[in-house]
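K.L.:
In this note's numbering, the protein residues as written are 12 to 390.
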């Protein structure tokens, strides 16, 4: 077991593109939810009898929507149940600019949090308003300054492209501002319009004006080019880091390793079983209260499925899928399992197939989903 993901489903405001499990903060049983989270951690860890985690990530929703005392209680519970040895490599928290007060930052820092992942999305205030974000670019500068003041030196910023009304110049300007900040890691994602979001409803009514696909591809190319120029290595399709500051937690997912998933709607992967928790908060809490766990589903992953996952997750990484690791994990040669897919994709110039690994070419990165699709649902 490498990692733990902890889900905080509360938000003071819901963004127009978000389809994660979340609810408005007001009149929610937040304190009780935290107690149930701690109970779930205790139950799961007792059953697995194994805690020596390398990474913990608190995501949402908005973890920073919690009050100082709520954050304090959550972190205390995490230390008691998940961190008996304190030899974590990475303890990361997702944060919204403008919500991270000095008091909250101190609570996080004192609890051993050593990485902040800040949802900036854009430095264009008009665009932020259009996508339903409540912070403005000044909030980002203030938040980063306060975080540095408290002693955080490992901070990541999320940026988005392909947003309604966004131009290539807009995105370029956001990148330039981002590079002027003391940040060691960037995630740059293209907008995906998901069902049950404000944007999806607008799109259904023909009221969502998105940049054409070629412009979106241009923005992605621009991100890759500029990141490299500024010393940020692309180590995954959407992620760039100063070497040594990669997200260890996300590498757990891409390396197809095991991780706990705690909280309403959280996903986990333990002992060959993929789990997902009940989403509705009250139902989740009732289940934890009664049994200590709240699985909505538990799927045993077959060897064939595991090999497929190894491919489409691993190909997201710049390093690709290691042939020797694949062989060690599954006791079979990678090229013997997927001979046709590898041959076809190599012919199309979408992957490199050498002695060490299989990985995406530049063209392959631009058509990533089409490459991954080749390895899905074969079993």
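The beta carbon of each residue, even a glycine, is placed where N, CA and C say it ideally should be.
(1) Would you check if the distance between the CB atom of residue 317 and the CB atom of residue 340 is smaller than 9 Å?
(2) Determine the burial state of residue 343: buried for a count of at least 16 other Cβ atoms within 10 Å of its Cβ, exposed for fewer.
(3) Where do the ends of the beta strand (DSSP E) carrying residue 182 lie?
(4) Extract the residue ranges of the beta strand (DSSP E) inside the stretch 118-148, only unbroken runs of 3 or more that lie entirely within it.
(5) Taking only three categories from DSSP, how would you classify residue 76?
(6) If you reduce the DSSP assignment to three classes, tell me which class residue 274 lands in.
(7) Looking at the secondary structure, which residues open and close the alpha helix (DSSP H) in which residue 373 lies?
(8) Is residue 290 near the ligand ZN, going by C-beta to nearest heavy atom under 8 Å?
(9) By a C-beta neighbour count over all protein chains shown, 10 Å radius and 16 as the cutoff for buried, is residue 286 buried or exposed?
(10) Check residue 31 in the structure and name its three-state DSSP category.
(11) Taking residue 221 and residue 175 to be in contact with their CB atoms under 8 Å, please state how far apart those CB atoms are, rounded to whole angstroms.
(12) Starting from residue 250, follow the beta strand (DSSP E) in both directions and report where the run begins and ends.
(13) Which runs of the alpha helix (DSSP H) fall wholly inside the stretch 267-338 and span at least 4 residues, in chain order?
(14) Roughly how many angstroms separate the alpha carbons of residue 13 and residue 269, rounded to a whole number?
(15) Are the Cβ atoms of residue 72 and residue 20 separated by less than 9 Å?
P.N.:
A quick look at the data gives this:
(1) yes
(2) exposed
(3) Taken as a continuous stretch (DSSP letters only), residue 182 belongs to no beta strand (DSSP E), being part of the alpha helix (DSSP H) at 179-190.
(4) 126-132
(5) Here residue 76 carries a helix assignment [DSSP, helix/strand/coil].
(6) coil
(7) 373-377
(8) With respect to small molecules bound, the structure shown includes none, and the ligand ZN cannot be examined in it.
(9) buried
(10) coil
(11) 6 Å
(12) 250-252
(13) 292-302, 314-325
(14) 6 Å
(15) yes
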